[in-house]
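Taking our numbering, the leading residue of the sequence shown gets 421, the next gets one more, and so forth.
Note that CB positions come from ideal geometry on N, CA and C, so glycine has one too.
From a predicted model like this one, the values you see are computed outputs, not experimental measurements.
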Amino acid sequence: MNIYYETLNERPDIDWFLQGHVVIEYMLWKRLEVPNPSLGYELRKSSFHRILNAAYINGIIHLKSKEVIEQINKIRNKYAHELTFRPTLADWFHLWESAQAAFSDMTDGIEQGLEELR
421 MNIYYETLNE RPDIDWFLQG HVVIEYMLWK RLEVPNPSLG YELRKSSFHR ILNAAYINGI
481 IHLKSKEVIE QINKIRNKYA HELTFRPTLA DWFHLWESAQ AAFSDMTDGI EQGLEELR
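Put into structure tokens, the structure is as follows:
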């Protein structure tokens, strides 16, 4: 565990990105499970990709949202499998701009994030 915490001290982006990924997965699963407990039970140990597809098929998210979440998952996979991976500023802009086009930003969080990137 010391290596994990040392890595997070040096790379806080990994920590918040992985936490966000877990939250997205849980929220999608919960949105599927509440109206359909049997589907939730079936998906409880499924891959992120399977949960994401089920959310799309069941109308929980639309295509643009699914595409952005797939981008998030690709970055998460790079963090997990390429230990030296560091997203570029262009990578972050692309992700945030895609999110702005795909989601309703009721709190202006996406706009504020883009402003920080600028």
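Residue i - containing alpha helix (DSSP H), residue span
i    : result
F468 : F468 to I477
P455 : Premise fails: P455 is in no alpha helix (DSSP H) and is neither H nor E.
K494 : L483 to H501
F513 : L509 to A522
I530 : G529 to L537
Exposure label - residue i; buried when at least 16 CB within 10 Å
i    : result
S483 : Residue identity differs from the one stated: residue 483 is Leu in this sequence, not Ser. Exposed, by the Cβ-count rule.
L503 : exposed
E445 : buried
A475 : buried
V488 : buried
F468 : buried
H514 : exposed
L472 : buried
I477 : exposed
Given 8 Å as the limit, is there contact between the stretch 436-448 and the stretch 488-501, that is, 3 or more CB pairs closer than that? The stretch 436-448 vs the stretch 488-501: in contact.
Is the number of C-beta pairs between the stretch 517-537 and the stretch 471-490 that are closer than 8 Å three or more? Short answer: they touch.
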